[in-house]
(Lines of atoms letter the chains of each structure in order from A and count residues from 1; the text may use other names and numbers.)
(Lines give C-alpha, C1' and ligand atoms only; values in the text may rest on other atoms or scores of the structure.)
Protein backbone atom coordinates (compact mmCIF):
# COMPACT_ATOMS: atom_id res chain seq x y z
CA UNK A 1 0.00 0.00 0.00
CA UNK A 2 1.36 3.40 -0.99
CA UNK A 3 1.26 6.48 1.21
CA UNK A 4 -1.77 8.71 0.86
CA UNK A 5 -0.83 12.16 -0.51
CA UNK A 6 -0.63 14.84 2.13
CA UNK A 7 -1.55 17.63 -0.26
CA UNK A 8 -4.27 18.21 -2.82
CA UNK A 9 -2.13 18.12 -5.96
CA UNK A 10 -4.00 16.21 -8.63
CA UNK A 11 -0.91 14.55 -10.07
CA UNK A 12 -0.03 13.10 -6.67
CA UNK A 13 -3.53 11.70 -6.22
CA UNK A 14 -3.47 10.27 -9.72
CA UNK A 15 -0.17 8.51 -9.09
CA UNK A 16 -1.34 7.22 -5.71
CA UNK A 17 -4.62 5.86 -7.04
CA UNK A 18 -2.93 4.18 -10.01
CA UNK A 19 -0.51 2.48 -7.63
CA UNK A 20 -3.34 1.31 -5.37
CA UNK A 21 -5.35 -0.04 -8.28
CA UNK A 22 -2.33 -1.86 -9.70
CA UNK A 23 -2.78 -4.39 -6.90
CA UNK A 24 -5.92 -5.76 -8.56
CA UNK A 25 -6.23 -4.24 -12.04
CA UNK A 26 -4.18 -4.34 -15.22
CA UNK A 27 -5.66 -1.12 -16.61
CA UNK A 28 -4.98 0.68 -13.34
CA UNK A 29 -3.91 4.01 -14.86
CA UNK A 30 -7.00 4.26 -17.06
CA UNK A 31 -9.25 3.40 -14.12
CA UNK A 32 -7.53 5.98 -11.93
CA UNK A 33 -8.02 8.62 -14.62
CA UNK A 34 -11.68 7.66 -15.05
CA UNK A 35 -12.44 7.86 -11.33
CA UNK A 36 -10.54 11.09 -10.68
CA UNK A 37 -11.94 12.84 -13.75
CA UNK A 38 -15.43 11.78 -12.67
CA UNK A 39 -14.82 13.17 -9.20
CA UNK A 40 -13.63 16.49 -10.60
CA UNK A 41 -16.17 16.56 -13.46
CA UNK A 42 -13.51 17.04 -16.10
CA UNK A 43 -12.07 15.08 -19.01
CA UNK A 44 -9.13 12.75 -18.57
CA UNK A 45 -6.86 15.06 -20.53
CA UNK A 46 -7.85 17.99 -18.32
CA UNK A 47 -6.50 16.14 -15.28
CA UNK A 48 -2.99 16.87 -16.46
CA UNK A 49 -3.50 20.62 -16.83
CA UNK A 50 -5.69 21.24 -13.78
CA UNK A 51 -4.29 23.89 -11.47
CA UNK A 52 -6.88 23.38 -8.76
CA UNK A 53 -6.23 21.00 -5.89
CA UNK A 54 -8.48 18.43 -4.26
CA UNK A 55 -10.32 19.69 -1.23
CA UNK A 56 -10.24 17.70 2.00
CA UNK A 57 -13.74 16.45 1.29
CA UNK A 58 -12.82 15.41 -2.26
CA UNK A 59 -9.67 13.62 -1.14
CA UNK A 60 -11.60 11.67 1.51
CA UNK A 61 -14.27 10.68 -1.00
CA UNK A 62 -11.64 9.67 -3.55
CA UNK A 63 -9.92 7.43 -1.02
CA UNK A 64 -13.28 5.77 -0.39
CA UNK A 65 -13.81 5.30 -4.13
CA UNK A 66 -10.40 3.72 -4.60
CA UNK A 67 -10.95 1.39 -1.65
CA UNK A 68 -14.25 0.25 -3.15
CA UNK A 69 -12.64 -0.28 -6.55
CA UNK A 70 -9.77 -2.31 -5.08
CA UNK A 71 -12.39 -4.46 -3.37
CA UNK A 72 -14.11 -5.20 -6.67
CA UNK A 73 -16.93 -2.66 -6.98
CA UNK A 74 -17.15 -1.63 -10.66
CA UNK A 75 -16.08 1.93 -11.40
CA UNK A 76 -19.45 2.72 -13.00
CA UNK A 77 -21.27 1.89 -9.78
CA UNK A 78 -18.81 4.02 -7.83
CA UNK A 79 -19.27 7.10 -10.00
CA UNK A 80 -22.95 6.37 -10.64
CA UNK A 81 -22.78 6.72 -14.42
CA UNK A 82 -21.34 5.39 -17.65
CA UNK A 83 -21.34 6.22 -21.35
CA UNK A 84 -23.35 4.31 -23.93
CA UNK A 85 -23.88 5.19 -27.58
CA UNK A 86 -22.52 8.69 -27.02
CA UNK A 87 -24.81 9.47 -24.11
CA UNK A 88 -24.51 9.53 -20.36
CA UNK A 89 -26.51 7.01 -18.35
CA UNK A 90 -26.95 6.78 -14.61
CA UNK A 91 -26.38 3.31 -13.15
CA UNK A 92 -26.50 1.64 -9.78
CA UNK A 93 -26.54 -1.93 -8.53
CA UNK A 94 -30.20 -2.28 -9.55
CA UNK A 95 -29.18 -2.45 -13.22
CA UNK A 96 -26.55 -4.12 -15.35
CA UNK A 97 -23.74 -1.86 -16.53
CA UNK A 98 -24.19 -1.15 -20.27
CA UNK A 99 -21.44 -2.80 -22.32
CA UNK A 100 -19.85 -1.39 -25.48
CA UNK A 101 -20.76 -4.56 -27.38
CA UNK A 102 -24.45 -3.92 -26.65
CA UNK A 103 -24.21 -0.86 -28.88
CA UNK A 104 -24.29 -3.33 -31.77
CA UNK A 105 -27.91 -4.13 -30.88
CA UNK A 106 -28.76 -0.44 -31.17
CA UNK A 107 -27.05 -0.37 -34.58
CA UNK A 108 -29.15 -3.33 -35.74
CA UNK A 109 -32.36 -1.74 -34.46
CA UNK A 110 -31.63 1.52 -36.26
CA UNK A 111 -30.86 -0.30 -39.50
CA UNK A 112 -34.01 -2.44 -39.17
CA UNK A 113 -36.57 0.16 -38.16
CA UNK A 114 -35.50 3.62 -39.31
CA UNK A 115 -37.25 3.34 -42.68
CA UNK A 116 -40.59 2.37 -41.13
CA UNK A 117 -43.36 4.88 -40.55
CA UNK A 118 -43.68 5.44 -36.80
CA UNK A 119 -42.19 2.10 -35.71
CA UNK A 120 -43.43 0.68 -32.41
CA UNK A 121 -40.64 -1.12 -30.56
CA UNK A 122 -40.48 -3.02 -27.25
CA UNK A 123 -37.28 -3.38 -25.21
CA UNK A 124 -37.61 -6.38 -22.89
CA UNK A 125 -35.64 -6.25 -19.64
CA UNK A 126 -34.78 -2.61 -20.21
CA UNK A 127 -32.69 -2.14 -17.05
CA UNK A 128 -31.03 1.27 -17.23
CA UNK A 129 -33.00 1.99 -20.38
CA UNK A 130 -29.83 2.42 -22.42
CA UNK A 131 -31.09 0.44 -25.41
CA UNK A 132 -34.63 1.82 -25.41
CA UNK A 133 -33.49 5.42 -24.95
CA UNK A 134 -30.74 5.18 -27.56
CA UNK A 135 -33.09 3.69 -30.15
CA UNK A 136 -35.78 6.28 -29.43
CA UNK A 137 -33.22 9.06 -29.71
CA UNK A 138 -31.69 7.79 -32.95
CA UNK A 139 -34.96 6.99 -34.76
CA UNK A 140 -36.89 10.24 -34.65
CA UNK A 141 -40.29 8.76 -35.50
CA UNK A 142 -40.06 5.69 -33.25
CA UNK A 143 -41.99 4.99 -30.08
CA UNK A 144 -40.22 2.63 -27.70
CA UNK A 145 -41.64 0.83 -24.67
CA UNK A 146 -39.17 -0.51 -22.11
CA UNK A 147 -40.31 -3.39 -19.90
CA UNK A 148 -38.78 -4.52 -16.63
CA UNK A 149 -39.85 -6.46 -13.59
CA UNK A 150 -37.80 -4.26 -11.24
CA UNK A 151 -39.19 -0.99 -9.89
CA UNK A 152 -35.68 0.15 -8.97
CA UNK A 153 -34.43 -0.47 -12.50
CA UNK A 154 -37.31 1.47 -14.01
CA UNK A 155 -36.61 4.39 -11.70
CA UNK A 156 -33.10 4.56 -13.17
CA UNK A 157 -34.48 4.21 -16.71
CA UNK A 158 -36.87 7.12 -16.14
CA UNK A 159 -33.97 9.23 -14.85
CA UNK A 160 -31.95 8.41 -17.94
CA UNK A 161 -34.75 9.32 -20.32
CA UNK A 162 -35.05 12.66 -18.54
CA UNK A 163 -31.34 13.54 -18.48
CA UNK A 164 -31.03 12.63 -22.17
CA UNK A 165 -34.18 14.59 -23.09
CA UNK A 166 -35.78 11.63 -24.85
CA UNK A 167 -39.58 11.78 -24.82
CA UNK A 168 -40.52 8.99 -27.24
CA UNK A 169 -39.81 6.24 -24.75
CA UNK A 170 -42.07 4.91 -22.02
CA UNK A 171 -41.49 2.32 -19.33
CA UNK A 172 -43.77 -0.32 -17.88
CA UNK A 173 -43.39 -2.46 -14.77
CA UNK A 174 -44.31 -5.98 -15.85
CA UNK A 175 -43.18 -9.56 -16.25
CA UNK A 176 -42.62 -9.80 -19.98
CA UNK A 177 -43.86 -13.41 -19.96
CA UNK A 178 -47.24 -12.02 -18.92
CA UNK A 179 -47.11 -8.95 -21.14
CA UNK A 180 -50.22 -8.71 -23.29
CA UNK A 181 -49.54 -5.84 -25.72
CA UNK A 182 -52.45 -3.80 -27.00
CA UNK A 183 -52.95 -3.05 -30.66
CA UNK A 184 -51.11 -2.24 -32.81
CA UNK A 185 -48.78 -5.20 -32.87
CA UNK A 186 -45.22 -4.02 -32.29
CA UNK A 187 -42.82 -3.82 -35.19
CA UNK A 188 -39.87 -5.13 -33.23
CA UNK A 189 -38.71 -6.66 -29.96
CA UNK A 190 -35.29 -5.91 -28.50
CA UNK A 191 -33.74 -7.93 -25.70
CA UNK A 192 -30.28 -8.24 -24.20
CA UNK A 193 -30.70 -10.37 -21.07
CA UNK A 194 -27.97 -11.74 -18.81
CA UNK A 195 -27.06 -15.02 -20.47
CA UNK A 196 -24.34 -16.52 -18.25
CA UNK A 197 -25.17 -20.18 -17.53
CA UNK A 198 -25.36 -20.89 -13.81
CA UNK A 199 -22.57 -23.45 -14.07
CA UNK A 200 -20.24 -20.70 -15.34
CA UNK A 201 -20.99 -18.21 -12.56
CA UNK A 202 -17.92 -19.27 -10.60
CA UNK A 203 -15.69 -18.29 -13.54
CA UNK A 204 -16.84 -14.66 -13.57
CA UNK A 205 -14.73 -11.90 -12.11
CA UNK A 206 -15.63 -10.84 -8.57
CA UNK A 207 -16.79 -7.42 -9.72
CA UNK A 208 -19.42 -8.97 -12.00
CA UNK A 209 -20.41 -11.97 -9.90
CA UNK A 210 -20.75 -10.12 -6.60
CA UNK A 211 -22.12 -6.77 -7.76
CA UNK A 212 -24.24 -6.89 -10.91
CA UNK A 213 -27.86 -8.09 -10.69
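In my numbering, the protein residues as written are -2 to 210.
Using N, Cα and C, we set each Cβ at its ideal position, and we do this for glycine too.
Only a predicted model underlies this, so the values are computations on that prediction, with no experimental measurement involved.
Of all C-beta pairs linking the stretch 10 to 23 to the stretch 57 to 74, three or more are shorter than 8 Å, placing the two stretches in contact. Shown here, residue 7 sits in a helix according to DSSP, grouped into three states. In this structure residue 94 is in contact with residue 79, their Cβ atoms being roughly 6 Å apart against a cut-off of 8 Å. Residue 29 and residue 128 have their C-alpha atoms some 28 Å from each other.
Taken through DSSP and simplified to helix, strand or coil, residue 176 comes out as coil. DSSP lists 144 as the bridge partner or partners of residue 169. Leaving aside the five residues that flank residue 107 on each side, the residues in its chain whose CB is nearer than 8 Å to its CB run, in chain order, 132, 135, 136. Counting only the Cα atoms, residue 115 lies some 5 Å from residue 138.
Note on residue 3: under 16 other CB atoms within 10 angstroms of its CB, so exposed under the neighbour-count rule. Counting only runs of at least 3 residues, the stretch 46 to 98 fully encloses the following beta strand (DSSP E) elements, listed from N- to C-terminal order: 78 to 81, 84 to 87.
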